[in-house]
Amino acid sequence: VQAHDCHFAGSREDRKMKTLLLTLVVVTIVCLDLGYTKTCYKYEKLFGKTTETCPDEQNLCYKRWHMLAPGRYDITRGCAATCPIAENHDSVECCAKENCNL
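Residue numbering for the sequence shown follows my numbering, beginning at 607 and increasing consecutively.
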């Protein structure tokens, strides 16, 4: 009878271990940020303001104002690996949060 009890105890322990292992695998998959990508606003003249998924190496969002005339600006938005350099008549802001370049 003792061998019989040990067999069932072992099966119960095996089930507990398998359940624990499965739980750890699920938690690991959920907690790992596999495939996380940043999104930033972009502006397309045809579609207006939309969001884009940034390539892995681009972790910043930017917003650039290019002065066309006093009080008139062309604004572009998008993803960047480094903050773009402001050229003549330009202003540039960069940020690192999701869709922060509104």
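Every residue, glycine too, gets a C-beta built ideally from N, C-alpha and C.
Residue i (DSSP reduced to helix, strand or coil)
i, result
"Lys648", "strand"
"Leu666", "strand"
"Leu708", "coil"
"Thr688", "coil"
"Glu619", "helix"
"Thr643", "coil"
"Lys567", "Since the displayed the chain opens at 607 and closes at 708, residue 567 lies outside it and no answer follows."
Within-7 Å CB hit, residue i to chain D
i, result
"Thr645", "The structure shown contains no chain D, having only a single protein chain."
Exposure of residue i, with buried meaning 16 or more beta-carbon neighbours within 10 Å
i, result
"Lys644", "buried"
"Asn707", "buried"
Under 7 Å between C-beta atoms of residue i and residue j
i, j, result
"Lys655", "Tyr668", "no"
"Tyr649", "Arg670", "no"
"Ala702", "Leu674", "no"
"Cys700", "Cys685", "no"
For residue i: DSSP bridge partner residues
i, result
"Ala675", "Arg678"
Can we say the segment 618-626 touches the segment 661-680, given the rule of at least three CB pairs closer than 8 Å? no
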